[in-house]
Each structure stands twice: as C-alpha cells, then as structure tokens.
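Trainee: Heads up: the sequence shown runs through residues -17 to -1, 1 to 719, numbered per mature numbering (1 follows the signal peptide of the UniProt record, and there is no 0). Before I ask anything, let me first share the structure, which is written out below as structure tokens.
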Amino acid sequence: MVLVCSCLLGGSSLGLSAPVPKIASTLNTPNFLSDYAVTRGFSLGRPLRARPLPGGQGVLFLRSEARSPRLSLYEFDPVSGTAREVLSPEKLSGSSDEQLSPEEKARRERMRVSTTGITSFDLSEDGSKVLVSLSGQLFVYTRNRGSVQKLATSPGTLLDPRFSPDGTQVAYVLEGDLYAFDLAGGKERRLTEGASDELTHGLAEFVAQEEMDRFTGYWWSPDSRFIAYEEADASGVEAWHPSDPAKPGAEIYAQRYPRPGKANVSVRLGILPAGGGRTTWVSWERARFPYLATVKWEQGGPLTLVVQDRHQRQEQVLAVDTTTGQSELLLSESDPAWLNLDQQTPRWLVDGSGFLWTSEREGGPQLELRDRRGQLVRVLLPATSGYIPEKNALAVDERTRQVYYQFGPDPTTTQISRVPLDGGKPEALTSGQGQHLALFAKDFSLSVRSESNPRTLTNWSVYDREGRRIGALPSVALESPFIPHSEIVQVTTPEQLTFYCSLVRPQNFDPARRYPVIVDVYGGPGAQKVSATMVNYLRPQWLADQGFIVVSIDGRGTPGRGRDWERAIAGNFAAIPLDDQVSALKALGKRLHELDLSRVGITGWSFGGYMSALAVLRRPDIFKAAVAGAPVVDWLDYDTHYTERYLGLPADNPQGYEQSSLLTYAAKLERPLLIVHGTSDDNVFFLHSLKLSDALFRAGRDHQILPLSGLTHMVPDPQVRIRLEERTARFFQEHL
C-alpha cells in the first residue's frame, strides 16, 4: 500500500484516519517551531557576507529584519561603532517585490541562497563603489557621495555582474553573452556573440556551480585590459524537462543535466580585449582534462588554470600565455581514489615570486609555497597541522609576511591561525570550542571575525590591524529561547575505529528512562553533522523534546579526518557509510543506558535521505522507521562530477552502482518508510523518489510518499517547514 500524504498539496492526508500523537511544545516555548521556521533557524537579522573596506573605512554587510528574508546593505563605521542602512530594495526599485528570471533562480539554488532583496554585492578594489543587482537591473552606489547610478543595460536575463579591477567598468552576462559597461561614458559593449539555449559565454556550467564550488565563468585581467571567459556548449548533453505537477499550465523548459557515463558540457576558455575584439582560445589537453575546475587571474601571476580528468584522479595546474593561448604545466597532482578541489588555491603572491597551493598527497590537506615555475619552496602547514582549505578563509598579508587560515584541532571545531610566509611556527588567534572565520580588508587595515559555539549563535566582531577588537556588526535577529542540551562524544568500536558523535537529550530528560533514538544523518562526503555549534542542534532539540534522543554520527567518507578516512568509501556508497552508522550506534548504546536501541529511527536530507532509506532497506534489524528527504535513489540519475568522483564511471564499476542503488533493495522493505521530496527539485530530481515509490509498490511494499508542491532541494517556506517537522515527529511517535 502507498499512502500519498497530500496535505501540502491542499488536500487531506489519504488513509490516515487513526489518531496521531500530540506534538509537544518545547518546554515553556510553544512558539519555538514557528519562530525557528520563520527566522530560518534564527539566522534572519544576522549580518551576512561582510566585506571590510580598505584604509580602515568600515565594513559593508547584508542584513534583513528578524522575520523577513529581504536583505539590505549596511555599513559599519569603526569610529562611532554604529551601523546604518545604505541601500534597500525599496530605495533602489521603489518596490519590495522582486522579479527573478529562471536562470537567476537556478543560480541562487546552486549557491543555496533562499533570501531575497540585495542578496549579494561587489566592491571596487579601492572600496569607493558598490555594485548591486536587483530584479535584473544594475545599480552602482558611490559611497563618498551617497549617490546611486542605474546602469542603462539592454533588456534580458542579466547574471554575475562584477567590477573591473580598476573600478571603471562592469562586466556581466546578458542572455548568455558577455558584456562590459563603461561607467564614465555610460555605454554598454557586447563582447561575444552567438549565445543560445545550448551555448553560453561567461557562465559557469551546472556541474561547476553545483559540484566544483565555481560560480563564475569569466575573469578580469589584473590591469582591466582583458577578460578570460568560459564558453560552455551543452548541445551534446541530454535534455531533461522537469515540470511542477501543481502548475500544469506553466511553460516546460529543458535542463541540460549530465548523468554518469554520459556526455558532459564541452568547455573551452577564451581571452579577449575588454574593449572588444578577437578571442584567443586557450590550448590544453582538453580531451584528457575536460573539466575546467579553477581559473585564477591575480596580480603578480599569469592566467592560471586547474584542469581535471573525467575520473578526477589527475589534475594539472597550468600557466597561460595570454598572447598565444599556449599553456605551460606548473605542477600536477594524482590520487588513486579522487582529488578534492580547493578553490582558494593557487593563490599568487603580489610580488610574483610564487603561489600558495593545497595538496593532499601526504595524507591530509597541506599548504605549500611554490615558486613561479611550480617548484616547492617550503611546506607552510604539513598534513598533520589540521589545516582546513575552507572557502574564503585563506588570506596573505605580504607586508607582514603572514598567511591567515583556518585549522581544526579536532573535526568539530575550527580556529583562526596564522603562519609566517617565510617559514616558522603557526600562531593561533582564537581558542575554545566552536567555529571561527576571519575576513580581511585588502590592505589588512580591518578584519571581521565570526564566531559560533555550543552556547551562542553566529556573531561578528570587527578588529583593527593590530588585532584589537573595536566593535561588532549589530544583529537584530530573534534569539533562541533555549540552549540545546547537546553533547559531543567519541566512541571506539571493536574494529578500533573512533567516531565523533553528538547527542541531544530532551530538556526534561529523565536519566532513569530509556528513550527511543532518532539518528539525524548525512553520512556522505563533503559535510559533517557533528559540530561544536548551537545552530546545529536547535531543530534536533525540538525533535528530542517530543520524546526522543537525537544522535548524529560522522563516519568514514566525511571530511576533517584525513585522506584515508574520507576515501574509504570510494567505489561504494552503500557499504561503509551505513556500517559506520551501525557500529558507532552500537558503541553508544553500550556506553549510555538511556539509549533504547530496540527503537531506532533515522532521518536525513539529500545524501542523508539516501542513507535513511538505505538504513531501513538493508538493516531493518537496527532501524525500525525512516523519513527520507530528497533521497538520491539511483546514482545513474545524479550528475557526473559528483557521482563519478566517488563511484567512478558506470562502465568501470557497474557493481558499485548496483550495490549503491536503493532500487536494488526495494523489495526487502519491511519497516515504515516516509519519502519526502520537492516536486521542483532540479538537483536531486523528484524522479528519484517516484522511481523508489514505484519499485516499492510493484514489490508490494507499503510506504508513504509526501510530495512538497513546487519546492526545490531547499525548504525555505516556513509553513511547509513547520508541517514537515511535525509530520516527521508524528511518524516516529507512531512507529518507534
């Protein structure tokens, strides 16, 4: 029997006539779940995307009101210690309504942006001008005059606007072609021709955005005279036609989605004068290294590329002669399993003497200084240092010869540290449990640091050049009414594997009781669930207060534990990730009497949704119920760059793909399973859950499926979030 829970489609639940347990209020906080959903986990109203200005002028940042997702631009003044709003959507367009093209919506989906209004901005290098895009229109704000200039761009879908390094021009992609706008003359120049639904100039292709963490497809030269741009030809990629069943009258569009073993987008890189002219195409072994993973064009260095082979086991760092387009090999990396990308490196030094590079060849992330020819000068941070190649966390102050970076004394915590560029001992700048990040002005006159820990949500402080705290970026966010009762522990299994685990107990926890357990899982590469932060445990605390203990486990395959730990899952998603959840859970049960391991449920989203369904299909002896959110069901239907990185090509590893597919085990389901999925998901398509439901139905296996009408891979809608959390809690109350 298939129960279709249609409450989110406007109807009533089918076949759910039995009374359901009552959802409890979180102790003395009856509005918690509503507040949590409306405020996006109490994040709305907190500063975002802070940018310190050069010369100690101040800090720009984005912020919304406490219960609104609409962002405005603010400036913090270090002299007065106060912040003021400088730009809002209403001031720019006269309306709070925002009109987004399908392309802009898709780009924000890739960047996991669910806010509205001024969601991003670009800053000229001298800090004098700010560039903002709103509803497809461009505005330049001049700070010292307080004036706003609306750019007279051609009509159409406009994406990825950015200043030239000298601040005199703005480049952007309009209807798939690259343009430049001269700010002094007020004139627009079209730089490329021939864009179509299948061919774009200056845009990052889908897998670059979704899997490589590369969101741009063009790069200014440091002197502002040239632009390198990506040409992406998707004509060979199969077209999918996702549609929203709740909107049968909506126009159906084609999405070029590359699946494992099938054709990818064909990418090449061109260089043209910023004033317009002939394109010089860059030459490299494109047949052998088809992925254009990273592009850097920085002061002091040549145009530099990182290219990967299809298997992502080999990569090359190339320096380009921009006159001829010829490329020269600086260094190469290889790994028998896969190579991780670090978009921070190569990072060229302004004096042109060399660049920073991240390598894992010694068993973990290692930060190196290389000379201009790519030869190793010295290892700044060895693989045992805990160095974390986190996006935006690497900064080089060449005046003081210091490199600032993030490191993790353990996998649950990140700290800010610095190390001399000329070699020496690192110096930690922060301490204690939690997550820390530092962002610096170009001249290091100011910096901002964010901190979150098990007792506080994220806050931002401002520091001067000497490292003295001189203020804070003000928050207007609603604060959580409680501090989660979370605990991080380590357990060691009989196989001598040590796992980091988190537990969240009910606020009215009774040590004499035994509680059913819910495993809140991700379990896959690239993300961790166990973190020394308060925000990670707000939702689990609400769930725990419904009568459970919520457990998370970071097994092998998750980052932060070195190369071998992460790559243990190569070739098979179904074996080690699930085995580790089971073995760590058993070890916890032996230590903690309050965990009733005869009543274990599991829930997660995306890879966590996959793990949840896999758990009840393969280990019904341990997991008695599952809520699987947006699960990848058949890895042959996910994208190339992610799937092939871990499983290889289908032709090379057919057994790994079969063993990793949920369809292989569908006929074995004997435990309650609720599948939840957004019908407009363009990352993990709704197709996945439909295929699983169909396989279960044909095998005569009862299950429930809950379609979230019109939603994508994210669930920002507060009402849907509330009902989804309530439905999840009731499901486990019914079945554990």
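Just so it is clear, CB atoms sit at the ideal spot from N, CA and C, and this is done for glycine as well.
Which of the three DSSP states, helix, strand or coil, is assigned to Phe44?
Mentor: The residue you call residue 44 lines up with position 61 of the sequence shown. Strand.
Trainee: Kindly provide the ranges of any alpha helix (DSSP H) runs that are 4 or more residues long and lie completely inside the segment 537 to 582, ordered along the chain.
Mentor: 546 to 550 and 559 to 574, all fully within the segment 537 to 582.
Trainee: On the CB-based measure, 16 or more other CB atoms within 10 Å of its CB, does Asp163 come out buried or exposed?
Mentor: In the sequence shown, counting from the first residue as 1, residue 163 sits at position 180. The identity of residue 163 in the sequence shown is Ala, whereas the question assumes Asp. Classification of Ala163: buried, given that the 10 Å Cβ count is 16 or more.
Trainee: Just to check my reading of the structure: His718 and Lys607 have Cβ atoms closer than 8 Å, yes? What is that Cβ distance to the nearest angstrom?
Mentor: Mapped onto the sequence shown, residue 718 falls at position 735. Mapped onto the sequence shown, residue 607 falls at position 624. Indeed, because the Cβ distance is near 7 Å, the residues count as touching under 8 Å.
Trainee: Does the beta-carbon of Asn375 have 16 or more other beta-carbons within 10 angstroms, so that it is buried, or is it exposed?
Mentor: As a first step, residue 375 is located in the sequence shown; it is residue number 392 there, counting from the start. Exposed: under 16 other Cβ atoms inside 10 Å.
Trainee: CA-CA distance, Pro489 and Val534?
Mentor: By 1-based counting over the sequence shown, the position of residue 489 is 506. By 1-based counting over the sequence shown, the position of residue 534 is 551. Going by the C-alpha atoms only, they are around 12 Å apart.
Trainee: Compute the beta-carbon to beta-carbon distance between Leu314 and Val333, rounded to the nearest angstrom, for a pair I have assumed lies under 8 Å.
Mentor: The residue given as residue 314 occupies position 331 in the sequence shown. The residue given as residue 333 occupies position 350 in the sequence shown. That belief does not hold up - the Cβ atoms of Leu314 and Val333 are roughly 21 Å apart, past 8 Å.
Trainee: Figure out for me which residue from Trp203, Thr98, Gly38 and His224 has the closest Cα to the Cα of Arg23.
Mentor: For this step, residue 23 is matched to residue 40 along the sequence shown. If we check each option's Cα against that of Arg23, Thr98 comes out closest.
Trainee: Measuring CA to CA, which of Glu381, Gln389 and Gly357 is closest to Pro372?
Mentor: Residue mapping note: residue 372 aligns to position 389 of the sequence shown, counting from 1. Checking every option, the nearest Cα to that of Pro372 belongs to Gln389.
Trainee: Are Gln327 and Leu377 close, meaning C-beta to C-beta below 8 Å?
Mentor: For the purposes of this step, residue 327 is identified with residue 344 of the sequence shown, where counting begins at 1. For the purposes of this step, residue 377 is identified with residue 394 of the sequence shown, where counting begins at 1. Taking 8 Å as the Cβ cut-off, Gln327 and Leu377 qualify as a contacting pair.
Trainee: Quick check: what's the CA-CA separation for Leu43 versus Ser137?
Mentor: Counted from its first residue, the sequence shown places residue 43 at position 60. Counted from its first residue, the sequence shown places residue 137 at position 154. Computed Cα separation, rounded: 29 Å.
Trainee: Between Gly253, Leu412 and Ser428, which has its C-alpha nearest Gly38's C-alpha?
Mentor: The residue labelled residue 38 in the question sits at position 55 within the sequence shown. Gly38 has its Cα closest to that of Ser428, out of Gly253, Leu412 and Ser428.
Trainee: Which first and last residues belong to the beta strand (DSSP E) in which Gly391 is found?
Mentor: For the purposes of this step, residue 391 is identified with residue 408 of the sequence shown, where counting begins at 1. Here the beta strand (DSSP E) through Gly391 covers Gln385 to Asp393.
Trainee: To which residues does DSSP link Pro499 through a beta bridge?
Mentor: As a working note, residue 499 is residue 516 in the sequence shown. According to DSSP, Pro499 bridges with Asp579.
Trainee: For Ile605, does the three-state DSSP call read helix, strand or coil?
Mentor: Here the question's residue 605 lines up with position 622 in the sequence shown. Ile605: coil per DSSP, three-state reduction.
Trainee: Thinking C-beta only, is Glu158 closer than 8 Å to Val248?
Mentor: Walking along the sequence shown from the start, residue 248 turns up at place 265. Walking along the sequence shown from the start, residue 158 turns up at place 175. No, these two residues do not count as a Cβ contact at 8 Å.
Trainee: Could you spell out where the alpha helix (DSSP H) holding Pro523 opens and where it closes?
Mentor: Along the sequence shown, one-based indexing puts residue 523 at 540. Element bounds for Pro523: Leu521 to Ala527.
Trainee: Assign Asp60 to buried or exposed, taking buried as 16 or more other Cβ atoms, counted over all protein chains shown, within 10 Å of its Cβ.
Mentor: Position 77 of the sequence shown, counted from the first residue, corresponds to residue 60. With fewer than 16 Cβ atoms within 10 Å of its Cβ, Asp60 is classed as exposed.
Trainee: Can you tell me whether DSSP reads Glu108 as helix, strand or coil?
Mentor: Locating residue 108 in the sequence shown gives position 125, counting from the first residue. Of the three classes helix, strand and coil, the one that applies to Glu108 here is coil, per DSSP.
Trainee: Ignore the nearest five residues each way along the sequence and tell me which others in Gln416's own chain have a CB closer than 7 Å to its CB.
Mentor: In the sequence shown, counting from the first residue as 1, residue 416 sits at position 433. So the list reads Thr396, Asn436, Pro437 and Ala515, once near-sequence residues are dropped.
Trainee: Decide if Ser566 is buried, meaning its Cβ has at least 16 other Cβ atoms within 10 Å, or exposed.
Mentor: Here residue 566 refers to the residue found at position 583 when the sequence shown is read from its first residue. Ser566 should be labelled buried.
Trainee: Touching or not, the segment 23 to 33 and the segment 459 to 473, by the rule of three or more beta carbon pairs under 8 Å?
Mentor: As far as the Cβ criterion goes, the segment 23 to 33 touches the segment 459 to 473, which means the pair count is three or higher.
Trainee: May I ask you to report which of helix, strand or coil DSSP gives Ser368?
Mentor: Position 385 of the sequence shown, counted from the first residue, corresponds to residue 368. It is coil, neither helix nor strand.
Trainee: Thinking C-alpha only, which one of Ala246, Ile471, Gly129 and Val667 is nearest Ala215?
Mentor: For this step, residue 215 is matched to residue 232 along the sequence shown. Comparing Cα positions, the closest option is Ala246.
Trainee: Just verifying my parser: in three-state terms, what is the DSSP assignment at Ser535?
Mentor: Start at 1 with the first residue of the sequence shown, and residue 535 comes out as number 552. If DSSP states are grouped into helix, strand and coil, Ser535 belongs with the strands.
Trainee: Starting from Ile466, follow the alpha helix (DSSP H) in both directions and report where the run begins and ends.
Mentor: Walking along the sequence shown from the start, residue 466 turns up at place 483. Unbroken run through Ile466: none, as it is neither H nor E.
Trainee: Below 8 Å, how does it come out for the segment 682 to 701 and the segment 258 to 271: are there three or more Cβ pairs, yes or no?
Mentor: Flag = no, the segment 682 to 701 and the segment 258 to 271 do not touch.
Trainee: Quick one: complete alpha helix (DSSP H) runs, 4+ long, within the segment 149 to 230?
Mentor: Runs of the alpha helix (DSSP H) inside the segment 149 to 230: 189 to 194.
Trainee: Buried or exposed: where does Asn14 fall if 16 or more other Cβ atoms within 10 Å of its Cβ makes it buried?
Mentor: Stepping through the sequence shown from its first residue, residue 14 is reached at position 31. Asn14 is exposed by the Cβ-count criterion.
Trainee: If contacts are defined as beta-carbon pairs under 8 Å, then Thr65 and Phe209 qualify, I think. What distance do you get, rounded to the angstrom?
Mentor: The residue you call residue 65 lines up with position 82 of the sequence shown. The residue you call residue 209 lines up with position 226 of the sequence shown. No, Thr65 and Phe209 are not in contact; Cβ-Cβ is about 42 Å, not under 8 Å.
Trainee: Between the segment 217 to 237 and the segment 341 to 359, can you find at least three pairs of beta-carbon atoms closer than 8 Å?
Mentor: Output reads no: the segment 217 to 237 does not touch the segment 341 to 359.
Trainee: Near Ile705, which residues of its chain fall below 7 Å by C-beta distance, leaving aside the five closest residues on each side in sequence?
Mentor: Against the sequence shown, residue 705 aligns to sequence position 722. Excluding sequence neighbours, Ile705 sits near Leu16, Ser17 and Ala20.
Trainee: Using only the alpha-carbon positions, how far apart do Leu670 and Trp321 sit?
Mentor: As a position in the sequence shown, residue 670 is number 687, starting the count at 1. As a position in the sequence shown, residue 321 is number 338, starting the count at 1. Straight-line Cα distance between these residues: approximately 28 Å.
Trainee: Since Asp60 sits in a beta bridge, which residues does DSSP pair it with?
Mentor: Against the sequence shown, residue 60 aligns to sequence position 77. Per DSSP, Thr65.
Trainee: According to DSSP, is Thr516 helix, strand or coil?
Mentor: Start at 1 with the first residue of the sequence shown, and residue 516 comes out as number 533. DSSP places Thr516 in coil when its eight states are reduced to three.
Trainee: Which whole-angstrom value describes the C-beta separation of Cys484 and Val500, a residue pair presumed to lie in contact below a C-beta threshold of 8 Å?
Mentor: Residue mapping note: residue 484 aligns to position 501 of the sequence shown, counting from 1. Residue mapping note: residue 500 aligns to position 517 of the sequence shown, counting from 1. The Cβ separation is near 11 Å, so there is no contact.
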